[in-house]
């Protein structure tokens, strides 16, 4: 890739803002290939040099990928006048990187949400042609049955006109309130809720737990985020 300003390169990592980078440079705390840098405006190819900030090696990422454990009450959007968005859960440094959600979760749905600024891969993961699985944990009002599982497996045409591809419904527990694992090959608007409502078992709680080969990190608290590892990003690329 081409050369970019040093402050842009370092700020793209999400740990420092450009203003903070300039301050670090002025304090002689930034080295490139062993040389102390005197101007944050100098340009380098970040894939061809070694950058150290305050003695810490900078692990450059061309694109940023974030896993968010989304809580209820946040909209899966970059901006929305109706309420808080998932970007409000990120620090200002990341908000400035033009991240966007990879797909959407309903306002009251929790769990795995990816955010990135790599448009090509994000769009490929969401393409209907790719059929990247989305897996959800659902609690429903009403007893789920094997008949419901067969209905999901056969594909459903809902009363509101939505046609759904075959999906997998696994019953985890059945009672007045049932638990299930739902796997979709697509991600249409409110699809899990609409399919279960069609079966007379409305959703009372929904959480996305997996997308393709990436599972929600069990150690990531609700409302918190972490960067994807290089292995995780490579695995996502392998899907498309």
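Residue numbers (my numbering): 1358 to 1597.
Every residue gets a Cβ at the ideal spot worked out from N, C-alpha and C, and that includes glycine.
- In this structure residue 1553 is buried. Its beta-carbon is surrounded by 16 or more other beta-carbon atoms within 10 angstroms.
- Rounded to whole angstroms, the gap between the alpha carbons of residue 1450 and residue 1508 is 46 Å.
- Counting of Cβ neighbours within 10 angstroms places residue 1472 among the buried residues, the total reaching 16 or more.
- Apart from the 5 residues on each side of it in sequence, residue 1544 sits with its Cβ closer than 6 Å to the Cβ of 1460, 1491 in its chain, given in chain order.
- Rounded to the nearest whole angstrom, the CA to CA distance from residue 1396 to residue 1448 is 26 Å.
- In this structure, the CA atom of residue 1589 is about 11 Å from the CA atom of residue 1574.
- In the DSSP assignment, residue 1502 falls outside any alpha helix (DSSP H), carrying neither H nor E.
- Assigned with DSSP and collapsed to three states, residue 1369 falls in coil, not helix or strand.
- With distances taken between CA atoms, residue 1428 lies nearest to 1466 out of 1434, 1466, 1445.
- DSSP places residue 1570 in no alpha helix (DSSP H); its state is neither H nor E.
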